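J.:
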Amino acid sequence: MKKIALTKLDELFAAIAASKSLYLPVDTEKGAKYTAWTEGAKLSEATNTVRSAKDFFFPQVEDMASFKVEGKKIEVIDTRKEAEDFVVFGVRACDAKSFEILDSVYLVDPVDSYYASRREHGVVMTLACSRPTETCFCKAFGIDAAEPAGDISCWKTEDSLLLKANTEKGQALLDSLSMLEDAEDTAADAVKAATREIVEKLPLSNLSTDAFGGDKLSALFDSDKWESLSESCLACGTCTFVCPTCQCYDIRDYDTGHGVKRFRCWDSCMYSDFTLCAHGNTRTTQMQRFRQRFMHKLVYYPANNNGVFGCVGCGRCMRSCPISMNIVKVMKTLEG
Amino acid sequence: MQEVMKKRASELLADGTVVRVLGWKNGEFAYDPTPAVFQTVESLEAFVYNDFCASNLSKYLIKFLRQEGKTLVFLKPCDSYSFNQLLTEHRVIRENVYIIGVPCDGKVAEDKLREKGAEGILGIETEGDQIKVKTLYGDLDLNKKECLGERCLSCKSHQVVVFDEMLGENGEENPDCGRFDMVEKLEAMTPEQRFEFWRGELSKCIRCNACRNICPACSCEKCVFDNPASGISQKAAADSFEENMFHIIRAFHVAGRCTDCGECSRVCPQHILLHLLNRKFIKEMNECYGEYQAGAEAGSRAPLVNFTMDDCEPSIIYTKEAGK
Amino acid sequence: MQVNNEFRPKIVAFCCNWCSYAGADLAGTNRANYPADVKIIRVPCSCRVNPMFILRAFQRGADGVILCGCHPGDCHYTTGNYYARRRMTMLFSMLSYLGIEKGRTRVEWVSAAEGAKFAATMNEFVETITALGENKRLEDLRCKK
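Residue numbers (the working numbering), protein chains in the order written: chain X, 9 to 344; chain L, -6 to 317; chain H, 60 to 204.
1. What is the DSSP secondary structure of D261/X, reduced to helix, strand or coil?
2. Could you check if T301/L is buried or exposed, using at least 16 other CB atoms within 10 Å of its CB as the buried criterion?
3. Please list the partners that L264/X has in chain H, where partner means a Cβ-to-Cβ separation under 9 Å.
4. Answer yes or no: does any C-beta atom of chain L fall closer than 7 Å to that of Y141/H?
5. Give the interface partners of E160/H over in chain L, defined as CB-CB distance under 7 Å, in chain order.
6. According to DSSP, is V77/X helix, strand or coil?
7. Establish whether the CB of T148/H and some CB of chain L are separated by less than 7 Å.
8. Under 7 Å, do Q(-5)/L and Y42/L count as touching if we go by C-beta distance?
9. Pick helix, strand or coil for D223/X, following the three-state DSSP scheme.
10. Is there a Cβ from chain L that is less than 7 Å from the Cβ of L114/H?
11. Taking only beta-carbon positions, decide if K172/X is within less than 7 Å of chain H.
12. Can you tell which of T189/H, S170/H, R107/H has its C-alpha closest to the C-alpha of I70/H?
13. What does a CB cutoff of less than 8 Å around F149/X pick up in its chain, not counting 5 residues either side in sequence?
14. Looking only at C-alpha atoms, which of K200/X, L242/X, T57/X, F298/X sits nearest to V99/X?
15. Residues in the same chain with beta-carbon distance under 7 Å from G110/L, minus the five sequence neighbours each way, listed in chain order, please.
16. Straight-line CA distance for H151/L to V11/L?
17. Against chain X, does I207/L count as a neighbour if the rule is that its beta carbon must be under 7 Å from one of theirs?
18. Residues of the region 268 to 282 of chain X in Cβ contact with chain H at a cutoff of 8 Å, in chain order, please.
19. Please go through the same chain and pick out, in chain order, the residues whose beta-carbon is closer than 6 Å to the beta-carbon of S125/X, but skip the five residues on each side of it.
20. Output needed in chain order: residues of the region 241 to 259 of chain L with a Cβ under 8 Å from some Cβ in chain H.
21. Which same chain residues, not among the five before or five after R204/X, have their C-beta less than 6 Å away from its C-beta?
22. Could you check which residue in L195/L, G9/L, S75/L, I199/L has the C-alpha nearest to that of P67/X?
23. Starting from V131/X and walking both ways along the beta strand (DSSP E), at which residues does that stretch end?
24. If you measure beta-carbon to beta-carbon, which residues of the region 311 to 334 of chain X are closer than 9 Å to chain L?
25. Is it the case that the region 141 to 158 of chain L contacts the region 118 to 131 of chain H, given that we only count it when at least three CB pairs across the two stretches are under 8 Å?
26. Exposed or buried, which one is M303/X when buried takes at least 16 other CB atoms within 10 Å?
27. Do F271/X and V95/X have their CB atoms nearer than 7 Å?
28. Quick check on E162/L: buried or exposed, where buried means 16 or more other Cβ atoms within 10 Å of its Cβ?
29. Note down the Cα distance separating G267/X from A229/L, rounded to an integer number of angstroms.
30. With 7 Å set as the bound, which would you pick, yes or no: does the beta-carbon of G228/L sit closer than that to a beta-carbon of chain X?
31. Output needed for L242/X: all residues of its chain with C-beta closer than 7 Å, excluding positions within five of it in sequence on either side, in chain order.
32. Please decide whether F239/L counts as near chain H, where near means a Cβ-Cβ distance under 7 Å.
33. How long is the line joining the alpha carbons of R250/L and L306/X, rounded to whole angstroms?
34. Could you give the uninterrupted runs of the alpha helix (DSSP H) lying entirely in the region 71 to 107 of chain H, keeping only those of 4 residues or more?
35. Under 7 Å between the Cβ atoms of E142/X and I117/L?
36. Can you list, in chain order, the residues of its chain with a C-beta nearer than 6 Å to that of W163/X? Leave out the 5 residues immediately preceding and following it.
Put into structure tokens, the structure is as follows:
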């Protein structure tokens, strides 16, 4: 384990930013946001960012190709932007876990090369939580807020930042930072214990997942509670867009007047034109769309991934839903 | 207030006046009630009304337009304007709705509590203007007035404009609310500054459509932006132009129909100041065509579906500014 | 658009079928000159023009958009242009509010007998837009060549 004094954080960020683009959560007028580091940028103290860290690997809009049409000739141009090396600092345990979930979708055959390239070029530096909040329920999904994954895990103690490499990529980055000092492997134990103690006291930490999983399909699918749960859903896509694990996208062609640009963008199962086919839509009511989202997180995904749930308990949907409907309410209602 | 509302709802359900009640249901925490439909007296157990019941319930009434039976709805002043507007547009049928007006002195915004340091909220108690927030990291005593949602700070009217019965004292209009102050500030800027301001705001948009879907004026069965055949359907703003276009067109489509309920800005997860677009239209229409408040009166004719022979020419926009 | 290192604006003119389009026709038969930068789109009535048309024109590369219709009171459909007038006033107000240069959009009433006015209006508008330069604030980069 390595360490650096908190007073020297700027030095550390400057050294990382010297060779790679560095992004970290910075406070804005309304919540924290991942921002490119520049001299003087201050690391946010917020529990989490408003938008998730998935944007780095799976951006909302991404160019794929363009087509040039001349007479009967069509030329296909690869417009992919090669990912540059970058470092994301301050990722929380929940978001770090979400990368594993995205990996399980995008890095299995056939590999999504756009996503894979970003994953290869990105180094994730996580930061253990010190002030989890009431909307956090990562513990329910087996995530330890005090022991975040990532290429490098970090902990903040009273006066210093502790760093531990978990991967070769992380080790290489740490090795390149000469200002780091050695630290005891047990140096983070006190802060870890403190975090875990708070997590125990969080109101949603003991949210039960017993009623969910790949084998609970028919009981949950046919539940008569979906109607009342979804009755006030507005069919907006806020929950899906702030969610770190929502991974659906749509590929669209844009007619520029002199060619075609093909891009992909986030899609939301809450939308009426989600998975629109020639015959129409498979899910015609909002109840069905609403059910799809939660069934995917709590049943379909675990069914295909050894019981791992597709939610990491970051609580973003709880904060941004316009009508305050969310996965916790859904789970408690379905179980009750 | 909550208990009185619950009691009236139970009575009206029990005597068959209404078949369903549209209200709010308590949430996981003290601050997250959800709009809900209650069909039995027993289910009203979960009914809640507090400082966090901000949702405008009017739009949900469209859903019941084609359903049997009368719906009881609780409308706050803002919501009652929206109701009138929906009535004007024949999106609700007056006879099918039983309206109980509830006075409102502003709703508390969760994010304002967070700004004041309330993280790890375990409980909230309100006593008059005092809000006591119990958190994992200590207790906070906050002033309600300082925690009100942005829209409540420039509330145009405390008056419920349409109701069958009113609980408590009905309020009055508030013409000195200063709701156009920010619009005026923007108008006083140079075009370059305004452009920068709006790029800063609109570039935050993630196109989640929350503003559109919560808007009581956005009541189209199918939005032009969702229609793949329209040629302009978008799922994400793939270019800054599309960010601008979506918000200009949305504001335009509700121009003259927007009652300024402020739901768009309240629900925006990116906190874009969307109400400033709508207020610009309201202000400009007031100046060009005379004062008009959408929803103040059911059946009124909005400025954009009306005209006079001697209306100003569009070029007035340019000369007006030059005159400043 | 740059032609020989000189900026030539792209202008879209929406002209109502009954007055302004005929006015443009008359400008032609009278051999009145106006720049070829103006591309005319014929619409049944000035009221047919949805604000979206104007935004789309900018998206597709227009530097200026002008709407021409019958004089107020002369609308073939009696009142169409009255509605168009209010609508365009509001649109211009919003564009200006968003910081789009004023003058990029314009409304002019041109009757079927006003061929000279049509040509003069277009000359003037092209001049204004040339002075304003390329439309940058309402452009869609994907549509640029």
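In this text, a Cβ means the ideal position worked out from N, Cα and C, and glycines have one as well.
All of these numbers come straight from a predicted model, not from anything done at the bench.
T.: In short:
1. Numbered from its first residue, the first sequence carries residue 261/X at position 253. Reduced to three states, the DSSP call for D261/X is strand.
2. Taking the second sequence and counting its residues from 1, one reaches residue 301/L at position 308. Label assigned to T301/L: exposed.
3. On the first sequence, residue 264/X is found 256 positions in, with the first residue counted as 1. It should be noted that the sequence gives Thr, not Leu, for residue 264/X. Result: R119, D199, R201, C202, K203, K204.
4. Here the question's residue 141/H lines up with position 82 in the third sequence. Closer than 7 Å: yes.
5. Position 101 of the third sequence holds residue 160/H. Residues of chain L passing the Cβ test: P184.
6. In the first sequence, the residue the question calls residue 77/X occupies position 69. Of the three classes helix, strand and coil, the one that applies to V77/X here is strand, per DSSP.
7. Stepping through the third sequence from its first residue, residue 148/H is reached at position 89. Yes, T148/H lies at the interface with chain L (some Cβ there is under 7 Å from its Cβ).
8. Residue mapping note: residue -5/L aligns to position 2 of the second sequence, counting from 1. Residue mapping note: residue 42/L aligns to position 49 of the second sequence, counting from 1. It is a contact, given that the beta carbons lie within the stated cut-off.
9. In the first sequence, the residue the question calls residue 223/X occupies position 215. Helix at D223/X.
10. Numbered from 1 along the third sequence, position 55 holds the residue referred to as residue 114/H. For L114/H, the answer is yes, since a Cβ of chain L falls inside 7 Å of its Cβ.
11. Residue numbering aside, residue 172/X sits at position 164 when the first sequence is read from its first letter. By this cut-off, K172/X is not an interface position.
12. As a first step, residue 70/H is located in the third sequence; it is residue number 11 there, counting from the start. Cα-wise, what sits closest to I70/H is T189/H.
13. In the first sequence, residue 149/X corresponds to position 141, counting from 1. Correct list, in chain order: K105, T217, F317, C319, V320, G321.
14. Position 91 of the first sequence, counting from 1, holds the residue named residue 99/X. Looking at the Cα atoms, T57/X is the closest of the given residues.
15. Reading the second sequence from its first residue, position 117 is the one you call residue 110/L. Excluding sequence neighbours, G110/L sits near L133.
16. Here residue 151/L is taken as the residue at index 158 of the second sequence, counted from 1. Here residue 11/L is taken as the residue at index 18 of the second sequence, counted from 1. In a straight line, the C-alpha of H151/L is about 26 Å away from that of V11/L.
17. In the second sequence, counting from the first residue as 1, residue 207/L sits at position 214. Closer than 7 Å: yes.
18. K269
19. Translated into the one-based positions of the first sequence, residue 125/X becomes position 117. Excluding positions up to five away in sequence, the list reads A91.
20. I241, I242, A244, F245, A248
21. Your numbering for residue 204/X matches position 196 in the first sequence. A154, listed in sequence order.
22. For this step, residue 67/X is matched to residue 59 along the first sequence. When only C-alpha atoms are compared, the closest one is I199/L.
23. Reading the first sequence from its first residue, position 123 is the one you call residue 131/X. From DSSP, the beta strand (DSSP E) with V131/X extends over 130 to 135.
24. R324, M326, R327, S328, C329, P330, I331, S332, M333, N334
25. no
26. Within the first sequence, the letter at position 295 stands for residue 303/X. Buried, because 16 or more other Cβ atoms sit within 10 Å of the Cβ of M303/X.
27. The sequence position of residue 271/X within the first sequence is 263, counting from 1. The sequence position of residue 95/X within the first sequence is 87, counting from 1. No. Outside cutoff.
28. In the second sequence, residue 162/L corresponds to position 169, counting from 1. With fewer than 16 other Cβ atoms within 10 Å, it is exposed.
29. Locating residue 267/X in the first sequence gives position 259, where the first residue counts as 1. Locating residue 229/L in the second sequence gives position 236, where the first residue counts as 1. Cα to Cα, G267/X sits roughly 20 Å from A229/L.
30. As a first step, residue 228/L is located in the second sequence; it is residue number 235 there, counting from the start. Strictly speaking, residue 228/L in this sequence is Lys, with Gly absent from that position. At least one chain X Cβ lies under 7 Å of K228/L.
31. Numbered from 1 along the first sequence, position 234 holds the residue referred to as residue 242/X. The residues are P330, I331.
32. The residue you call residue 239/L lines up with position 246 of the second sequence. Not an interface residue.
33. Looking up residue 250/L in the second sequence gives position 257. Looking up residue 306/X in the first sequence gives position 298. If you take the alpha carbons of R250/L and L306/X, they lie about 41 Å apart.
34. 79 to 88
35. Residue mapping note: residue 142/X aligns to position 134 of the first sequence, counting from 1. Residue mapping note: residue 117/L aligns to position 124 of the second sequence, counting from 1. Against a cut-off of 7 Å, the Cβ pair of I117/L and E142/X comes out as no contact.
36. Taking the first residue of the first sequence as position 1, residue 163/X is located at position 155. Closer than 6 Å at the Cβ level, and outside the excluded window around W163/X, lie A136, L170, A196, V199.
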